[in-house]
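Chains as they are written, first to last, in the UniProt record's numbering: chain A, 1 to 773; chain B, 1 to 773. The next block holds one structure in the form of structure tokens; read it before the comments.
2 protein chains.
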Amino acid sequence: MANITKKVSWSSRADESGATGEGTPLLNGSEQPRHSRQDSLRGRPKEIPHNEKLLSLKFESLDYDNIENQLFLEEERRMSHMGFRCLEISRWVVCGLIGFLTGLIACFIDIVVEQLAGMKYQVVKENIEKFTEVGGLSISLILWAVFNSAFVMVGAIIVAYFEPIAAGSGIPQIKCYLNGVKIPRVVRLKTLVVKVCGVICSVVGGLAVGKEGPMIHSGAVVAAGVSQGRSTSLKRDFKIFEYFRRDTEKRDFVSAGAAAGVSAAFGAPVGGVLFSLEEGASFWNQMLTWRIFFASMISTFTLNFFLSIYHNNPGDLSNPGLINFGRFENESVAYNLYEIPLFIAMGAIGGLLGALFNVLNYWLTIFRIRYVHRPCLQVMEAMLVAAVTATVSFTMIYFSNDCQPLGPEHTEEYPLQLFCADGEYNSMATAFFNTPERSVRSLFHNQPGTYNPLTLGLFTLTYFFLACWTYGLAVSAGVFIPSLLIGAAWGRLFGILLASITTTGSTWAVPGKYALMGAAAQLGGIVRMTLSLTVIMVEATGNITYGLPIMLVLMTAKIVGDYFVEGLYDIHIKLQSVPFLHWEAPATSHWLTAREVMSSPVTCLNRIEKVGTIVDVLSNTSTNHNGFPVVVQVAGNDEPAKLCGLILRSQLIVLLKHKVFVELARSRLTHRKLQLKDFRDAYPRFPPIQSIHVSQDERECMMDLTEFMNATPYTVPQETSLPRVFKLFRALGLRHLVVVDDENRVVGLVTRKDLARYHLGKHGLEELQLAQT
Amino acid sequence: MANITKKVSWSSRADESGATGEGTPLLNGSEQPRHSRQDSLRGRPKEIPHNEKLLSLKFESLDYDNIENQLFLEEERRMSHMGFRCLEISRWVVCGLIGFLTGLIACFIDIVVEQLAGMKYQVVKENIEKFTEVGGLSISLILWAVFNSAFVMVGAIIVAYFEPIAAGSGIPQIKCYLNGVKIPRVVRLKTLVVKVCGVICSVVGGLAVGKEGPMIHSGAVVAAGVSQGRSTSLKRDFKIFEYFRRDTEKRDFVSAGAAAGVSAAFGAPVGGVLFSLEEGASFWNQMLTWRIFFASMISTFTLNFFLSIYHNNPGDLSNPGLINFGRFENESVAYNLYEIPLFIAMGAIGGLLGALFNVLNYWLTIFRIRYVHRPCLQVMEAMLVAAVTATVSFTMIYFSNDCQPLGPEHTEEYPLQLFCADGEYNSMATAFFNTPERSVRSLFHNQPGTYNPLTLGLFTLTYFFLACWTYGLAVSAGVFIPSLLIGAAWGRLFGILLASITTTGSTWAVPGKYALMGAAAQLGGIVRMTLSLTVIMVEATGNITYGLPIMLVLMTAKIVGDYFVEGLYDIHIKLQSVPFLHWEAPATSHWLTAREVMSSPVTCLNRIEKVGTIVDVLSNTSTNHNGFPVVVQVAGNDEPAKLCGLILRSQLIVLLKHKVFVELARSRLTHRKLQLKDFRDAYPRFPPIQSIHVSQDERECMMDLTEFMNATPYTVPQETSLPRVFKLFRALGLRHLVVVDDENRVVGLVTRKDLARYHLGKHGLEELQLAQT
């Protein structure tokens, strides 16, 4: 089983920070029989077949609750009204920068992809044209396959060998980050570089992928970097924005970055804001949302502006995103009331196909976790997929006899004539011999009759399996565009069939409209996003008339899909055993109370504690919580001690590093006064306890935690119900919640994992296992 | 001073429920010297000139925190997984109904207004045409003025005499409700009826008002009614949706209703969702948001569908809102980079004009509070405004010599020829002799040259003062459309001037584009909404290209306007002394702790308490908190008692009403077991304590609160900083927060008013006074 869980790519390396996550490993065994309602788990084999029934203890949580210790409060109290205003202005500046840089990155990716893909298609096209006449098209196929494999190889090598976390779209990782789980290395500069290069390689390599998903991750990395005013990787500290060096502020900026990414990818600033909120925000703050919106706007504007210059049309601000669905003109967008059931039916089809996609990809991922975990194997698999994609495409084009006249205002960039008559082109090639973005646009907007049904059917079938195989490879790539493409293909097919059934050949069955609905249905069926996806689709089409049908389609797709299996991102999050907190506690969890979910006993520290004890507590790998309640013993009293604060592992590490010891014997301070700056400088890569040397003499010293602990941690009584604890946790973004008895004595500690363990399965409430892996 | 605060229309009547709000009136005097940093308040005169420096104690708070007592938990635990699913489905059904009914109401208002206004304008037009030839136009003027005054009189009478809370747009009231303040009678059926009739009368009466703002209030009332499955006014209980009879659920539905209202008003479903979130949500919940979006979509769809039937064009779904900005075609919407500074300048102008509007309206409101508080005076003022509006309009039209040729495709509904040549019409009349919605659309879309600058300048000037005078009258009316109209007028003027400056007469200075920006600037300058307004404007124009400039315009308008004075809604909320909680604690409030803000001492109850004591506590008007900590005395110990729960005034009232007493002597229960249903039946109009008769014998009985109290109230230690308390309050929607010492003994209680008292003034932190009025 270790074999299964160990090698999942985006978390396969140990976190350098050395902290090993919170949880209750000691209780793992003894916890089982506590609840009476474990019927659902009975009868399961002892050996757990897949790790989605586990919660990993290796993920740390983020602290979205400000640590209000004396140092912090002193700083805040010193700050003037003007100081707060300056902070506010710098937040706006940072958001502007995030938007600008994200837009630039999107622009860079777009231009490089276009240039490289253009070159590739040009060369292959010429080659095909040459060999169509003389025979020997297999040489063209080989050329094409080699091109693809070469690009994909580069992309896969940098991902597999340098930064496995950059694989995939990055959306699951950003979801986890915004949810409050620290995914190691997810917002590092190196990840960004690998991601950007990787996505260029995989798109140019002709894989069934999009460049949109990775933009969200890229925006998040940009935000995490810019807001901290330094780069730990580059070892440069610009000494600015030091106030923002904590999880609370950083999360806000990462939300803005993710929104800017969505905005640049789809030209959907409002959709970006809603994406961030849907995935991340627990506490909705007006000013924050407004800043996020600002970052989104700047991002799409920057992209638009630079692309307009690149396209020699400066000032034309009509290309707001990487993908442009093209303009749906008013006459073609109109829909009638009686079309709505048809759209809903399409939503159901999308939900079914999406569920199928997800199940297949799930099995594939399990297979990959078991057998394809060595980097070299991953690179080879990616190359294989690239070669197969080229071969299949070529075969499809080769055997297709769907020839279409090449009109005067044809929009195909690389029309392949192949065996068609002069002045005609191969219709299958518009779908396969093109970047996926262009194919989507053709499916939306080409005149009725451009594709014949067989072409569309075959294309849907092959592309479905190719895309499914591709997602999860060790390359940077998104699943949005392939989903849209599959959906657009069968949607258009649906429209054509519909038009052929209705004898009147009426205008209402415009195939482009059905292609759009199909695209929405398929994407919704796979990723199961709701509100934000509706808005993204609406913004990308540039037409709000479709709002209601798109919403209905997405809703149907989600309901139908959820009946079978979760969304693709959630599946991948579960396979990583991430302790992800959903919006609400499972509905039937009112019978659980804090007493039952908390970890107990808890390691507590005294307010003035011996250094040796602290070092031992931190070094003890079996009590690897990251927060410790601080208690005060009532003098001459045997009673358990009363809670007086909470201190974090990271704070203790900094204290130990700076030797903030009090030598009791001589009763003098041997250290300079520690400041918030020292904590900020160490953030976020606190050294492991093993790297700090504490001498035997020092072990006998005392440490006064009063100034550094959070003196007012949130507490709940033992009888608090799980939904109440959950709400407190989720609304405030907590990391630790101290459970106290009615005398304010510590009886336990609730962490994210204690809550994430409970989830609603098919047979009622289920409890996940905790595992060290 | 009593005179000033007493007669504010939307809260002038005592709440029937009799509960008189929470607060600390006893401490009012003694609290003052507690803080050392009251410099800002020193030097002020003892007599407070305006009541915006007061917080009224008469407003109750809403409970957005579930009361998790034993009854509730038992019910939740009994409920199966299927039960929760059914609940979820009924939530969706309710939201669908809310959307549908809101859409129907919008449709009703639109059709009635169109019919009545059409009749009025037709009659007046014919009359004018008749008298233009023979002379004696003053008769036409009188006819027009009488028409207007008559309609307005009806509207003002029903508002002033029957339901004063229905005055105005209702947006401030809904803001307060969503913020957690119970405004008496704001979501009653009677309010809705008066609102709908009132808005029809005032729009048909030709006032400078819109019918859009009241839709938001109407949607909220619909939501509050439908979700409760009964109408207390009509004394009908449908015995459905009983689970939703509590503040938490009701608030969620009211959010959906407000969103549906916005959606129907502007055809902006996403804008509606964002409006609800911006104003209301503290805790963002994905499913809730999705349901809100559903309600919005259904609402705009319903409106669209029925209007399409009314317009004899069934199935044409292109009229999604009450106001339709008309379609901005692609060529005219393009803007260039160098236009952006112009837009920002317009934003600044809008901010300035908006601030001027608000200041004037503020003075006017103060005047009204002092002198125009009798209903008959209010009706007379409204009639006066109506007559003046008609007179001014007529005069402007009469003296205008801006004649425009009546093109073949002219869009004017009632073109007035007046003294123009045949085949021409008076341009001033398109602005004045029309419903405001049509005037806005003309300003946006009429060909360049349709208006001459003088016309626009004069129109802006007069309409500005008319609108300012109108807002705050005792009529149901919104300020959105007048603001848009003023802004569109000066925006178009701006565009015309710009085009005349640039010699090329270039196409970029399309006046319609500047009219749109001006409208956004003016509206933003007055109401200061940000994100939601951007999206509403974008959705209403049906074109997302304008996203960035509109956002910049709104942002500039807000920044400039905020420099001078608050937004119009906030001014009116302040004038009501509502304890409104903003998003965050004032920036410089870290030096305050729970100990300083809490009310203390607090009236506590014992877990088993004498009935007489409870009756006395509830009857004592000087301790009119609505929540009481329940404590348990440690037997044979003199120490202060420990906290064990929290019980609400309303719960105690229900307990007293049902005589849930334990007669200690005979030690038997004299009452049937109380159920959650009993509390739900009494919700939300709990009887006052005076109406409950408790005999002298019964006073000696005991009451066991264990089952009914919330056994796990949220608590904080005394040292908790104000921002932390504030965040807890805001994120969880609390009403009471118990402050405990380190032994878990009650030392105080923080309520909404204790937090709302602190706000950031020009000179740093200020503290508002509490007042009983």
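Every residue gets a Cβ at the ideal spot worked out from N, C-alpha and C, and that includes glycine. The structure displayed is predicted, hence computed values, not measured ones.
Just to confirm before moving on: does the CB-CB distance between GLY219/B and VAL475/B stay below 7 Å? Taking 7 Å as the Cβ cut-off, GLY219/B and VAL475/B do not qualify as a contacting pair.
Going along the chain, which unbroken runs of the alpha helix (DSSP H) with 4 or more residues stay wholly within the region 178 to 245 of chain A? Within the region 178 to 245 of chain A, the complete alpha helix (DSSP H) runs of at least 4 residues are 189 to 204 and 213 to 228.
Helix, strand or coil for ASP697/B? Go by DSSP, reduced to three states. Annotated three-state conformation of ASP697/B is helix, per DSSP.
With a threshold of 7 Å on Cβ separation, who are the neighbours of ARG291/A within its own chain once the five nearest residues in sequence on each side are excluded? Same-chain partners within the cutoff: ARG91, TRP92, CYS95 and ALA256.
Helix, strand or coil: which one does DSSP assign to PRO405/B? Strand at PRO405/B.
In angstroms with no decimal places, state the Cα-to-Cα distance between LEU57/A and ILE614/A. Rounded to the nearest angstrom, the two C-alpha atoms are 22 Å apart.
From what residue to what residue does the beta strand (DSSP E) around MET703/B run? Where MET703/B is concerned, the enclosing beta strand (DSSP E) stretches over 702 to 704.
May I have the straight-line CA-CA distance separating LEU101/B from MET215/A, to the nearest angstrom? Going by C-alpha positions, LEU101/B is about 41 Å away from MET215/A.
Taking 6 Å as the limit between beta carbons, can you name the residues of its chain near LEU97/B, skipping five residues before and five after? Once the five neighbours on either side are set aside, the close Cβ partners of LEU97/B are VAL226.
Does any residue of chain A have a CB that is nearer than 7 Å to the CB of SER721/B? It does; some Cβ of chain A falls within 7 Å.
Proximal chain A residues relative to LYS642/B, where beta-carbon distance stays under 7 Å: Residues of chain A passing the Cβ test: ASP742.
Give me the Cα-Cα distance between SER695/A and CYS701/A, rounded to the nearest whole angstrom. In a straight line, the C-alpha of SER695/A is about 10 Å away from that of CYS701/A.
Of the choices LYS677/A, LEU643/A, PRO684/A and ARG745/A, whose alpha-carbon is the least far from that of ALA711/A? Minimum Cα distance to ALA711/A is reached at LEU643/A.
Contact criterion: CB-CB distance below 7 Å. Does GLU76/B meet it with respect to chain A? Taking Cβ atoms only, chain A reaches closer than 7 Å to GLU76/B, which makes this a yes.
By how many angstroms is the C-alpha of PHE580/B removed from the C-alpha of SER11/B? Note that SER11/B scores 40 on pLDDT, short of 50, meaning its location in the model is unreliable and no value can be drawn from it.
Cβ-Cβ separation, LEU484/A to ALA519/A (assumed contact under 8 Å), whole Å: ALA519/A to LEU484/A, Cβ: 4 Å. Contact.
Taking the alpha-carbon positions, what's the ILE526/B to GLU278/B distance? Looking at the two C-alpha atoms, the distance is approximately 17 Å.
Residues in its own chain within less than 8 Å of ARG236/B by CB, not counting five upstream and five downstream? Closer than 8 Å at Cβ, skipping near neighbours: ARG230.
Completely contained beta strand (DSSP E) runs for the region 719 to 759 of chain A, where each covers 3 or more residues: Counting only runs of 3 or more, we get 736 to 740 and 746 to 751.
Quick one: list the residues of chain A neighbouring PRO629/B, beta-carbon separation under 9 Å, in chain order. Proximity of chain A to PRO629/B at the Cβ level (cut-off 9 Å) is not reached, the minimal Cβ distance being about 13 Å.
Using DSSP bridges, identify the partner residues of ASN710/B. DSSP output for ASN710/B lists LEU646/B as bridge partner(s).
Are the Cβ atoms of VAL654/B and ASP678/B separated by less than 7 Å? ASP678/B is positioned such that its CB atom lies closer than 7 Å to that of VAL654/B.
Can you pull the chain A residues whose beta carbon is under 8 Å from the beta carbon of GLN286/B, in chain order? Within chain A, the residues GLU278, THR530, LEU531 and TRP583 have their CB atoms less than 8 Å from the CB of GLN286/B, given in chain order.
If we ignore side chains and look at the alpha-carbon of each, how far apart do ARG595/B and ARG730/A end up? C-alpha separation (whole angstroms): 26 Å.
So the beta strand (DSSP E) PHE325/A belongs to, where does it begin and stop? Neither: PHE325/A is in no beta strand (DSSP E) and is coded neither H nor E.
Report back the beta-carbon spacing between LEU768/B and LEU55/B to the nearest angstrom; my notes put them in contact at under 8 Å. About 5 Å separates the CB atoms of LEU768/B and LEU55/B; that is less than 8 Å, so the two are in contact.
Pick from ALA641/A, ILE608/A and GLN651/A: whose alpha carbon is nearest that of ASN626/A? The option with the nearest alpha carbon to ASN626/A is GLN651/A.
Using the rule of at least 16 other Cβ atoms within 10 Å of the residue's Cβ for burial, across every protein chain shown, is LYS239/A buried or exposed? LYS239/A comes out exposed.
Pull up the DSSP beta-bridge partners for GLN522/A, would you. In the DSSP secondary-structure assignment, GLN522/A is not bridged to any residue.
Near-chain B residues of the region 243 to 260 of chain A (beta-carbon distance less than 8 Å), N- to C-terminal order: Correct list: empty, as no residue qualifies.
Cβ-based neighbour list, MET383/B, same chain, cut-off 6 Å, excluding 5 preceding and 5 following: Excluding residues within five positions, the ones whose Cβ falls inside 6 Å are SER149, VAL152 and MET153.
Under a CB-based cut-off of 7 Å, is THR289/A close to chain B? Yes, THR289/A lies at the interface with chain B (some Cβ there is under 7 Å from its Cβ).
Looking at C-beta atoms only, is the number of pairs between the region 548 to 566 of chain A and the region 343 to 361 of chain A that lie closer than 8 Å three or more? As far as the Cβ criterion goes, the region 548 to 566 of chain A touches the region 343 to 361 of chain A, which means the pair count is three or higher.
Can you list, in chain order, the residues of the region 534 to 545 of chain B whose Cβ is nearer than 9 Å to any Cβ on chain A? Against chain A - using a Cβ distance shorter than 9 Å - the residues of the region 534 to 545 of chain B are THR534, VAL535, VAL538, GLU539, GLY542, ASN543, ILE544 and THR545.
Report all residues from its chain with a CB closer than 8 Å to the CB of TYR714/A; omit the five preceding and five following residues, and keep chain order. Annotation for TYR714/A: ASP65, LEU728, LEU732, LEU734, LEU737 and VAL738 place their beta carbon closer than 8 Å to its own, counting only its chain and skipping 5 residues before and after.
Alpha carbon of GLY261/A to alpha carbon of LEU178/A, nearest angstrom: Spanning the two alpha carbons is a distance of roughly 14 Å.
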